[in-house]
Each structure stands twice: as structure tokens, then as C-alpha cells.
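One structure is given below, encoded as C-alpha cells.
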Amino acid sequence: RREVADSLIEYGWYKIRNFRPDLSGSEPIVIGVPQVGDVPGYYFLASLPLRFMGNAKIIFQYYAVRSISFLLYLLIIAAAWYALGEILSKDHPLRWMVPAFIALLPAFVDTMTAVNNDVSAVLAATLFLWAGLRLIKRGYSAGRLFFLGVTLVVSYLSKNTAWFTFTIAPFVLLFGLLRGRFLKLSIGIIAAGILITSMAALQWGNPLTWYQSPAQASIPRVRSADAPAGNYVFQIGDTGQNVPVQFLQFIPPGIAKSIRDKTVTLGAWIWADQPVSMASPYISFLTTKGVFVNSSQTTFELNTKPTFYRLAFRVPQDADKAILYIQYTPLIARGSVFMDGLVLAAGEYDNTPPRFSDPGGTQGNWNGQVFQNLIRNGSAEQGAFRLRPWVDEMSAGLLSRSGINLSLSLSTIQDWKGTGWYYQSALATLSRTFWASLAGDKVVLPGQYVNYFIGLFTILGLAGAGHLVWSRRKNMRWDIIFILGMSLLVPWMLAASRGVSGFLIQNPLFPWARYAYPAILPTALVLCGGWLEWANLLRKKFQFTNAALSAIFLGGMIGLSAFAMLNAIQAFHKEWLINWGPLALLFLLQWTVFSWARKRQD
-2 RREVADSLIE YGWYKIRNFR PDLSGSEPIV IGVPQVGDVP GYYFLASLPL
48 RFMGNAKIIF QYYAVRSISF LLYLLIIAAA WYALGEILSK DHPLRWMVPA
98 FIALLPAFVD TMTAVNNDVS AVLAATLFLW AGLRLIKRGY SAGRLFFLGV
148 TLVVSYLSKN TAWFTFTIAP FVLLFGLLRG RFLKLSIGII AAGILITSMA
198 ALQWGNPLTW YQSPAQASIP RVRSADAPAG NYVFQIGDTG QNVPVQFLQF
248 IPPGIAKSIR DKTVTLGAWI WADQPVSMAS PYISFLTTKG VFVNSSQTTF
298 ELNTKPTFYR LAFRVPQDAD KAILYIQYTP LIARGSVFMD GLVLAAGEYD
348 NTPPRFSDPG GTQGNWNGQV FQNLIRNGSA EQGAFRLRPW VDEMSAGLLS
398 RSGINLSLSL STIQDWKGTG WYYQSALATL SRTFWASLAG DKVVLPGQYV
448 NYFIGLFTIL GLAGAGHLVW SRRKNMRWDI IFILGMSLLV PWMLAASRGV
498 SGFLIQNPLF PWARYAYPAI LPTALVLCGG WLEWANLLRK KFQFTNAALS
548 AIFLGGMIGL SAFAMLNAIQ AFHKEWLINW GPLALLFLLQ WTVFSWARKR
598 QD
């Protein structure tokens, strides 16, 4: 670890993270996140050159492993070329545009040539698409089925980001059997099946803006004649897992900051179907220093009649985010606790219950003072969907190694006011790290205008692709569109929701595009296809030649690559000559791949 740390110091790994490791202490030195729990495919390949290097310096071992990544990266470009050959004619411009885009995309090249298993996942997914498109276009044969099976094995052994291929494989087999026949019927049946499955997996009855973990068997939002406010109450029951039931609500950052260093009062009507003890709700604040501060708690002795309880406490002066927790450990088999009229208001109030001015409890009068309730949907009047308990349990098991919490993702999507800021930041991070933000989003392009410019061209690409599909919808092979669409949407959706589970520790991570890169082929196809559609429209109006349009495309991609390279040199070594050789070699190899692809087209 010491030798690795010395190398990381020498080459600026800690520098761009504003971190300096302690090399003198007895604690293990931080050298990055260990990957010992990952599937072994990539690491087995990476170990092959190391078996012949003995005790060579770490930096030489690192170069040897990166050479394996680089070879896999070249195979990705080749696989993309052959996959496109299954659906496009030899002289179609996208045959060379898409491989060139992949070869010249700065952040993609940076990730694919690093020492990590993302490159194996992308290669596996690209090979799967090649095998799938080949099977759909040409039909069943022993060789094609074997090829598809091999790509699934490779996907499993590469990384969990490539496991989405298993969800698409059944559709590939179906369309390969049909070979373009009965498309409307088959896609209609698939759409109906997805709708029925969604209806079976989802259940109405969760309080909107609230998340429960683990999911209880009984509906958590029920109509009650005993409701002190409105018509609905929270019902907290046994999950059958012998673990505490937990309800929580994400308090928007703006609200958390508005009550900094103020006294607030938290209250609710609480009762049970028989007398029982329960810990009071509390709020956990995340400060600007990254420290968690919990509000005070006490024990409530509940009876069978709605009773109002309240606690007052002071909010930390540097509160940044906050989560309201309701935790209950069932002491009675099949017993339930009920809550209604949850309220959080600035100021200190006594045990006199507030009088709400509306059924939802958004505002009212408390101790003669008008107040605004800072808790959203505190009376459970607004409902939402939740995963059925068996689906929640099954998805938690299947996705346990991916860091994705499907139930929490569903809740946060329905709570845009509370968690929309996360998705906006996540999409911005995904966009930056997809295009030209390097070194794990530590080396970003300078200035906002560059990102705005890239964002504009992304939107133009998506819009052009939409126009292309719509204008030629009658001649499209919708089985191929379906497979490409699934291969595009599933990885990006999973990537966007990857950091949601961090909400449970109040520190959600904004995911990088590396988690969506297994969708690089359909993503590049959509963007390049959209730009080509715009180019065809411009050519008719301004009489552009093919050579001019090709020069614009290549000039833009090469310019972006050069800009990102110079930015990386500036970040790691201001003495740019140190890195000029390797970067020039990489650029030359990229250009060689492009020239090969262009020659194959001609």
C-alpha cells in the first residue's frame, strides 16, 4: 500500500482530490476503493501480464494492466462496428460516425483505458448487442445462439452494470424467432405484459412524500374515522422480518436551511390498537461539515385514543439537509400504531394541539399563532404508489450488489419537491462525465459555457433522432428499435438512480456516466443519428457537401478531445511535455481506428 500511495502522490491522484495521506501512521493508507467483492472477469485478465513481472515497480505494473484495458477498449470499437453492420448498409454514414464518436469521446476513453472493470462491462454489453442484432436479423442457428450465450456469460463475469443484458435477452430470443413477422402483435403483447407486470408489482396506498423500509404487509395509509386531521392516517404495522419499521421524509434543503439555529416544535397525534411504548420521531440533520446531528428523543406511552405528543429542540446553525424519522419496533404480534397530523413548525409550542386550517394540515393556528407546517403530507391525505412487499424484498435481493434501491427510487421519483434537487444534480453529473469530465469528475472543463454548448448539441442530437424515427416510422424495424431502446434506457435509468440509496445516510452520491457506458453503442447511435438528420436538413438548404459535413463532425470531436487532453495536462502536469508523448500516442491510435473504419466504409 505504501508503494501504491507513493506512486499516487507522484502522479497527482491525491492532488486533484485535495487529500494528503498520512504515510507515518499505523492506519491503512487510503489508496482508493477496494474491488475485492466484484466479479473476477476483468481482474483475471488484468492479472495475466503481472504474472510475468515479478516485483517490478508499481508504475510499470500499472502500465501493464492499462494495456489490457486499452486492448479491450479497441475491441469495443471493433464490436460496435460489426454490430452496426447487422442493421446498416456498408455505405451508411453512421457505420463510421458511431465508431469515430466512441473512439474520440474524451471521458469514455479516459474511463475505458483506466484500471477498472468498466471496460469489460462495456465490451460485454456491446458484444451482446452485436450477437442480439445478428440473431434478430438472420434468425436462429447453433452458432448465433452460442454467441449470444457467451456474451451473457461474459456480461455476468464483467460487472453488475452489464447484467441488464439478462433482462433483454428473452426479447432478443423472441424477435430472433419471429424475424420481423407479427411485429405489431408481438410488441403489443410485450407492452401489455409490461403494463400487467407493473400493475402487479405496484400498490396504491403509500403516503406521498414518505418512504418506508422495510415494506410492511399492511397498507401504510388507511382511511380512519378517528383521524384528527382529514380522513386518512398512517398505519405502522409489523413487517414480519423482526426488524424495526422505519418511515422517513426528506426535508428539502431550502427548508432545512431556513430553520438554522432556530427552535422548532415537532408534534403528532399517535395511538395504537392496544397500549404500547414507542420512541418519539426525530430529525437527523446533516451539517455543512458533514456531521450528523440528531434531535432529542423520548419515549411515548401510547393508548388506544388519538393523543397529541410534541417535542421542542434547536436546529444546528449549520444544518444543510434533514430527514424526519419515525421508527417503531413492534412489540405486539400483528399490532399497529397510528399517526396523524404530523407537524413541524418554527417556534416553541406547548402540548395544546394545533388547529389546522385545511385537511392536509399544511398550516393553521397553534397557541394563538399562525404557523406553516414544514412537514409535507403530514396527515397522509395524499396517496402514492409503493412496491408490493414481495416485490420490494425480491428486488432488494437482486439489486443488493448494485447499490440500487428500487423501492426508494420509486418513492423519490414521486417526491420531486423533496428529492428533485438530487435528480437534477445527478443528470448534470452524468452529462459532464459522459462527455469530457475526466478522472472521476475531478478534472472538469473550465467555464459553464462549454457545458452549455455540449448540452445544446446533446439536445439537438436527441431531437434529431426523434424526428428521424417519427418521419420513417412506417419503414422501421420496430423489433430492432425496441432492443436498442431497452439497451439505451435501462442502463441510463439504473445509473441515474444509483446514488439514491445514499439518501438513507443523508449523503447521496451523484453517479458518473461510467455506470451508463454499457449503453455507449445505442447512445452514440442516437446522438450521431440525430446530428446526421440535422445535417441532411442543412444540406438541402445550404448545399453542404458530404465532405464538409464530415469535417464538421470530426473537427468537433477531435477539438473536444484535444481540449480535454490539454485540460488533463494542466491539472496533472503543468510541464506538459511530460505527458505529450503518451497523449500523442493515444490520439494517433484513435485516428488509426477512425481511418480503418472509414476505409471499411469505402
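In our numbering, the protein residues as written are -2 to 599.
Ideal Cβ positions, reconstructed from N, Cα and C, are used throughout, including at glycine.
May I ask which residues mark the beginning and end of the beta strand (DSSP E) holding Glu298?
-> Thr296 to Leu299
Run through DSSP, which three-state label would Ile320 get?
-> strand
Nearest-angstrom beta carbon gap, Pro386 and Ile323 [assumed within contact, 8 Å] = Wrong, their Cβ atoms sit about 18 Å apart, outside the cutoff.
Which listed residue (Phe144, Ile480 and Thr206) has its alpha carbon closest to that of Leu405 = Thr206
For Gly361 and Phe368, believed in contact at Cβ under 8 Å, the rounded distance | 6 Å
Fully enclosed by the segment 323 to 393, which beta strand (DSSP E) runs are 3 residues long or longer?
-> 334 to 343, 360 to 363, 366 to 369 and 380 to 384
Phe57 burial status per 10 Å Cβ neighbour count (16 or more: buried) = exposed
Inter-residue Cα distance where the pair is Gln411 and Gly499 = 17 Å
Among Gly496, Ala492, Leu522 and Ala521, which has the Cα closest to the Cα of Ala510?
-> Ala492
Reduced DSSP secondary structure (H/G/I, E/B, other) of Met608 = Examination of residue 608 is not possible in this model, given that the chain is present from -2 through 599 alone.
Reduced DSSP secondary structure (H/G/I, E/B, other) of Asn203 = strand
So, helix, strand or coil for Gly264, using DSSP?
-> strand
Sufficient close CB pairs (3 or more, under 8 Å) joining the segment 124 to 136 to the segment 170 to 190 = yes
In angstroms, rounded to a whole number, what distance separates the CA positions of Asp389 and Phe289?
-> 28 Å
Taking just the CA atoms, how far does Phe454 sit from Leu91?
-> 17 Å
Residue environment, Tyr616, which counts as buried when at least 16 other CB atoms sit within 10 Å | Outside the modelled stretch of the chain, which goes from -2 to 599, sits residue 616, for which no answer is possible.
Should Thr194 go down as buried or exposed, given a rule of 16 or more other Cβ atoms within 10 Å for buried?
-> exposed
If you follow the alpha helix (DSSP H) that Thr194 is part of, which residue opens it and which one closes it?
-> Leu180 to Ala198
Return the Cβ separation of Pro249 and Lys439 in integer angstroms, given the expectation that the two are a contact with Cβ distance under 8 Å.
-> About 28 Å separates the two Cβ atoms, so there is no contact after all.
Given a threshold of 16 other Cβ atoms within 10 Å of its Cβ, counted over all protein chains shown, does Lys54 qualify as buried or as exposed?
-> exposed
What residues in its chain sit with their C-beta under 6 Å from that of Ser408, if we drop five residues either side in the sequence?
-> Tyr208
When the Cα of Ala600 is compared with those of Leu180, Met391 and Asp115, which residue comes out closest?
-> No statement about residue 600 is possible, as the shown extent of the chain runs from -2 to 599 and does not include it.
Pick from Thr349, Val150 and Asp337: whose alpha carbon is nearest that of Ala222?
-> Asp337
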